[in-house]
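Residue numbers for the sequence shown follow this note's numbering, so the first one is 63 and each next one is one higher. Glycine is no exception: its CB is placed at the ideal position from the N, C-alpha and C atoms. Keep in mind the model is a prediction, meaning the values are calculated, not measured. Here the structure is laid out as structure tokens; the discussion comes afterwards.
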Amino acid sequence: MMESKVAIVTGGSSGMGLATAQELARRGYDLVLSSRKPEAAADQIRSSFGVRVEVVAGSIAEPDLAERLSAAAEGLGGATALLLNHGGPPVKPIMTLTDEDWSGAFEMMVTGPLRVMRMVVPQMQAAGGGRVLAISSFTVKQPFAGIGLSNALRAALVNALKTAALELGPQGILLNALGPGYVETNRIREWNESYARQQNAGIEDIRDRTLATIPLRRYGTPEGYARLAAFLLSDDNDYVSGQQILYDGGLVVAN
């Protein structure tokens, strides 16, 4: 069992990142919370759960963020859990994407998360184990039209984490990705608005079409996602590694 209960959460001030940070705090984890503006979320978590919360403001694409996150976690005793999360890339058809679109999104969605992982994993090695989880997407397994950046680059990160799971498993470090389907967040509302514009349809029509594709006929919740994420990030998870797991209401059913 890992003695340290310190978690780093990037993209932790809203949506599934915030919900997971709250669930980890409910389980007694001290946190390093990062986003562009993490202070309000940190204050709420401290007052609600009584845990220590250090804030590190910035984007995961910033080259110095990894070092600042690592230093903050060291100050709390060393991280044994790391949630990799970030904002979504532009919602654009693939033939309209420029070289700049690709390079900017790659820095945010692949290079940045892996840079943070490289900086933090030594703390897990020193502790005798740890857990890394990336917020991914169902589109890694079932690509969706109009979001080429997300489809391609989330898949790149997932396969990098699977490779790391092979290499770091002997040291007690478990790495996974947890892909949401349609979870009721601001990102889903942005998707619906974008597709409504592209298809000259109403937002409620887009929503109804989406719900019709989900066997459970409802969106998921950030809180439901967070409960599964916190399990995967804790030592309750003793044998799940190298996986892309979906929280999607049966949207993508594997053969």
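Legend entry - Range covered by the beta strand (DSSP E) that runs through residue 254: No beta strand (DSSP E) holds residue 254; the alpha helix (DSSP H) holding it covers 248–261.
Inset, instruction - Let me know the secondary structure DSSP gives residue 76 once reduced to three states. - result: coil
Inset, instruction - Whole angstroms is fine: what's the gap from residue 144's alpha carbon to residue 69's? - result: 6 Å
Inset, instruction - Helix, strand or coil for residue 94, going by three-state DSSP, please let me know. - result: strand
Legend entry - residue 289 to residue 86 span [Cα, whole Å]: 9 Å
Inset, instruction - Could you please give me the residues that DSSP links to residue 242 through a beta bridge? - result: 309
Inset, instruction - Specify the secondary structure class of residue 317 as computed by DSSP and reduced to three states. - result: Only weak support exists for where residue 317 lies, its pLDDT of 45 falling under 50; the coordinates are left without a value.
Inset, instruction - Pull up the DSSP beta-bridge partners for residue 144, would you. - result: 70, 194
Inset, instruction - Enumerate in chain order the residues of its own chain whose CB-to-CB distance from residue 317 is below 6 Å, with the five nearest sequence positions on each side excluded. - result: Below a pLDDT of 50, predicted positions are generally treated as unreliable, and residue 317, at 45, falls in that range; no measurement from the model is reported.
Inset, instruction - May I have the straight-line CA-CA distance separating residue 300 from residue 89, to the nearest angstrom? - result: 17 Å
Legend entry - 7 Å Cβ shell around residue 218 - same chain, five flanking residues per side excluded: 172
Inset, instruction - Determine the direct distance from the alpha carbon of residue 167 to that of residue 151, and round the result to whole angstroms. - result: 6 Å
Inset, instruction - Compare the Cα-Cα distances from residue 99 to each of 157, 76, 177 and report the closest residue. - result: 76
Inset, instruction - Could you give the DSSP three-state label for residue 237: helix, strand or coil? - result: strand
Inset, instruction - Reducing DSSP to helix, strand and coil, say where residue 119 ends up. - result: strand
Inset, instruction - Kindly indicate which three-state DSSP category residue 282 falls into: helix, strand or coil? - result: strand
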